[in-house]
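Visitor: Be aware that the sequence shown starts at 22, since it is given in the numbering used here, and climbs by one per residue.
Positions of the beta carbon are idealized from the N, C-alpha and C atoms, including for glycine.
Model, not experiment: these values are computed from the prediction.
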Amino acid sequence: IPSFAFNEDKIYTNFTNTNGAEVRMLQLEKAMEKHIMIGELALPYLDENATTVIAEYKALKEEVSGYDVTGKEPEFLVKDFLAYKEKAMDLAQEFKTYAKDLNSDEKNTIKDEYKAMEKASVEKLDAEIKENKNKYNYEVAAKLFEDLEVKNQSLLDKIAAGTATYGEMRSEIAKMFGGLQKELKKELMWKIKEVKVKTQTYNGKVKKEVKAKVAEKKAEIKQKIEENKEEIKQELKKKISEKKQELKGKIKDKIKNKVEDKLDDWFGEEDGNSEDSNAEVVVSVDLNVEGDSE
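#1: According to the Cβ coordinates, are Y187 and V99 closer than 8 Å?
#2: Starting from A137, follow the alpha helix (DSSP H) in both directions and report where the run begins and ends.
#3: Taking only the alpha-carbon atoms, compute the straight-line gap between L47 and E149 and give it to the nearest angstrom.
#4: CA-CA distance, Y119 and D68?
#5: In the structure shown, what three-state DSSP assignment does I36 receive?
#6: Are the segment 157-166 and the segment 52-66 touching, with three or more C-beta to C-beta distances below 8 Å?
#7: At the level of alpha carbons, what is the spacing between G41 and N35?
#8: I'd like the list of long-range same chain contacts for K179, defined as Cβ closer than 8 Å, with 5 residues on each side in sequence excluded.
#9: What did DSSP end up calling A181 once you bin it into helix, strand or coil?
#10: What first and last residue would you give for the alpha helix (DSSP H) that runs through G199?
#11: Relative to the alpha-carbon of E252, which residue among K136, L177 and E83 has its alpha-carbon at the smallest distance?
#12: Can you tell me whether T91 is buried or exposed? The criterion is at least 16 other CB atoms within 10 Å of its CB, across all chains shown.
#13: From the DSSP output, in three-state form, read off V44 for me.
#14: Quick one, which of E127, E96 and P95 has its alpha-carbon nearest G60's?
#15: Give the straight-line distance between the Cα atoms of I272 and N278, rounded to the nearest whole angstrom.
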């Protein structure tokens with residue numbers, strides 16, 4: 022049944038089609054965008070090593086975002102995709118070694134901030150993924166119908182529009198199959214098996230050919246990251262500094278509120294409502310955050 026393959030065993034077939042390759046690259050970009058968002062939210066609580074990793078991750082994402090799939094051979098596309106994906110996974114794993122030091126309050130703050138901004142940040146990518154996925158599914162389904170000598174343009178139109186569900190496609194194809202005579206069914210089954218064998222053979226061939234070339238591509242990617250990461254790192258440091266100031270303001274307000282509540286408990290609202298006396302107590306509280314040299 023034609024549908025965009027998320028199974029890694031079928032990944033190589035996706036790259037025989039420009040739209041399929043575009044979907045794969047967009048999906049990788051989306052995953053990286055989410056990781057970068059979380060990483061940037063965590064940086065104010067972590068040391069400079071974590072900032073370096075996120076700078077490299079952002080430099081890598083820029084490479085993925087600017088990647089053009091047109092005019093490239095499927096084997097070349099698969100090699101590049103796997104190299105980008107593996108490098109992204111390496112950096113994500115490295116960042117985890119620093120993020121493990123976050124305490125529960127910091128993790129909850131990051132989680133809440135991420136939830137508030139996640140949907141908007143990937144909305145454009147989601148739309149692009151959907152559009153290219155529909156095109157891919159249409160082209161794959163049309164080619165399958167042609168190979169099987171099956172005609173059903175109304176179903177193809179629904180696939181192109183993205184309104185045909187997986188169950189509906191199965192049902193429609195089953196109906197078409199059920200209406201065939203015995204000999205035609207037998208012939209059709211052989212054609213389906215032939216298509217499946219060709220796909221498996223192609224996947225195995227490409228997997229073997231590109232595996233040795235991925236390491237070479239990763240070395241090339243690493244060089245490009247090194248060229249671009251310092252500028253990105255400086256931008257990140259500026260954002261971290263601004264975020265730390267924001268966090269200090271929140272801590273100051275939190276301490277002030279606690280002091281005012283305590284004064285109300287001690288003296289009652291009528292006796293303890295002097296703004297001047299409250300201010301004196303607040304100023305005397307040490308607001309320096311441990312590890313913050315700002």
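Guide: Taking the structure as given:
#1: no
#2: S125 to D168
#3: 8 Å
#4: 8 Å
#5: Checking the sequence, you will find Phe at residue 36 rather than Ile. Coil at F36, not helix or strand.
#6: no
#7: 5 Å
#8: A185 and E189
#9: helix
#10: Y187 to G199
#11: E83
#12: exposed
#13: helix
#14: E127
#15: 10 Å
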